[in-house]
Amino acid sequence: MTDRVVLAYSGGLDTSVAIGWIAEETGAEVIAVAVDVGQGGEDLEVIRKRALACGAVEAEVADAKDEFAEGYCLPAIKANALYMDRYPLVSALSRPVIVKHLVAAAKKHGAGTVAHGCTGKGNDQVRFEAGIQTLGPDLKCTAPVRDYAMTRDKAIAFCEARDLPIATTRKSPYSIDQNVFGRAVETGFLEDIWNAPVEDVYEYTANPAEPRGADEVVISFEEGVPVAIDGAPVTVLKAIQQLNARAGAQGVGRIDMVEDRLVGIKSREVYEAPGAIALITAHQELENVTVERELARYKRQVEQRWGELVYDGLWFSPLKRALDGFVDEANRHVTGDIRMTLHGGRAVVTGRRSHASLYDFNLATYDSGDTFDQSKAQGFIEIFGLSSKIAARRDLA
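Anchor point for the sequence shown: position 182 equals 258 in this note's numbering, and the numbering is continuous, going up by one each time.
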């Protein structure tokens with residue numbers, strides 16, 4: 077029986093060429109699988125037909141936008157996930173949902189290998205292969221660009237020699253990955269970290285320096301899940317899409333950072349994530365109102381570790397799964413409304429309300445009606461600082 081390889085297919089030059097490249101290098105039949113996570117571009121049926129025209133024996137496409145939003149973006153919102161306190165895991169979140177579809181296709185079609193288009197120096201190769209190994213321990217992995225030295229020049233020559241139905245136009249000066257949760261841009265002149273990004277780098281966000289009126293929005297949550305925008309019910313996908321448009325129009329969500337890659341190098345990345353940043357900012361503030369202090373303090377530690385696990389490609393790991401349970405429990409009372417002003421590249425919280433609020437006006441006020449018993453403060457401070465006081469006597473002796 078002829079070996080079969082499932083290929084993560086985008087419809088672009090590299091993965092279109094990879095269909096025939098893999099077949100010639102290995103003698104295997106190739107099944108192309110394209111997964112829509114809100115990256116935009118061509119219709120899925122057009123992509124499916126191109127894969128077949130390029131030599132795939134089977135081609136599957138999946139509209140996974142809602143699945144991605146509900147099952148992958150939502151946990152990140154509930155975890156306030158920001159790698160290195162800034163990056164909302166745009167690409168890292170999309171890989172496990174793609175992996176899920178790749179492994180399902182491999183099982184369906186009897187394939188023994190899954191292929192992807194990653195290089196050997198990025199994070200995505202780890203995210204794909206660690207996920208594949210977890211969901212399909214018997215599957216092998218291959219990456220033509222990495223394993224068979226399929227450079228872009230070779231890909232163009234291969235395409236033209238076989239008259240494949242794919243354009244071989246000049247490559248963009250940037251490497252771009254995008255989905256409904258955001259957009260990642262790297263390489264080209266951005267590799268010089270002294271160079272500032274130019275406006276043509278951006279697509280999801282308008283220039284925040286341009287004058288425009290502010291946009292006020294109210295985001296409603298139930299147990300950490302965004303359920304309404306300005307009172308109108310939304311799915312998680314619709315919440316992200318609407319805030320992509322509204323926050324993006326105000327230049328919210330631009331991130332320019334040097335990040336620590338899993339493979340050990342530092343990399344300059346430019347991100348746009350207007351909806352993600354608006355939702356995480358609102359969610360964080362609602363937690364400030366509804367989550368008890370010690371739980372909130374510990375959750376911040378969990379959030380950092382959760383983000384590192386996802387960034388490192390360990391979405392399906394036991395630790396990540398266990399932390400999900402903690403995050404869900406911590407969100408049990410995160411219900412209420414957050415009012416934000418979107419303007420000048422910032423999402424600024426201006427109001428909060430919740431039936432589950434732990435904010436007690438009578439305890440917080442300094443005016444009449446104050447119910448906080450200040451007479452107890454002195455004794456509290458003496459006991460609270462006692463151990464430090466005793467140590468200080470010793471150290472100063």
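Where is the CB? At the ideal position from N, CA and C, for every residue including glycine.
Grab the span of the beta strand (DSSP E) containing L83 for me, first residue to last. R80 to A84
Residues in its own chain within less than 6 angstroms of R259 by CB, not counting five upstream and five downstream? Y280 and E348
Which partner residues does T417 have in the DSSP bridge list? E292 and V424
Comparing C-alpha positions only, which one of V256, H431 and G300 sits nearest to L169? V256
Three-state secondary structure (DSSP) at S464? helix
Residue ranges of each beta strand (DSSP E) within the region 259–319, 3 or longer: 291–298 and 301–305
Please determine, among P394, S433, S92 and M416, the residue with the shortest C-alpha to C-alpha distance to L319. M416
6 angstroms Cβ shell around L313 - same chain, five flanking residues per side excluded: K141, D142 and A145
Would the beta-carbon of I107 fall within 8 angstroms of that of V137? no
Between the C-alpha atoms of Y148 and V346, what's the straight-line distance to the nearest angstrom? 21 angstroms
Going by C-alpha to C-alpha distance, which of G455, F456, N438 and I457 sits closest to F448? N438
T227 in three-state terms, based on DSSP: coil
Is the CB-CB distance between A67 and I98 below 8 angstroms? Limits of the chain in this structure are 77 at one end and 473 at the other, which puts residue 67 out of reach.
Return the CA-CA distance between Q326 and V424, expressed in angstroms with no decimal places. 12 angstroms
Should M160 and D336 be called a contact, given that it needs their Cβ atoms to be closer than 8 angstroms? yes
Return the CA-CA distance between M333 and P249, expressed in angstroms with no decimal places. 19 angstroms
For Y163, which of helix, strand or coil comes out of DSSP? strand
Based on DSSP bridge pairs, tell me the residues matched to S251. E262
Distance, V261 Cα to E267 Cα: 11 angstroms
Integer-rounded CB distance, given that T210 should sit under 8 angstroms from T189: That pair is no contact at about 16 angstroms.
With DSSP as the reference, label A110 as helix, strand or coil. strand
Assuming G421 and P284 form a contact by the criterion Cβ under 8 angstroms, report the distance between their Cβ atoms to the nearest whole angstrom. 3 angstroms
Euclidean distance between Cα positions of P164 and A432: 27 angstroms
Going by other Cβ atoms of all chains shown within 10 Å of its Cβ, with 16 needed for buried, is T366 buried or exposed? buried
Give me whichever residues DSSP pairs with G412 in a beta bridge. F297
Does the structure place the region 403–418 close enough to the region 286–300 that three or more beta carbon pairs sit under 8 angstroms? yes
Would you mind stating whether A406 and K375 have Cβ atoms separated by less than 8 angstroms? yes
Under three-state DSSP, which class holds C217? strand
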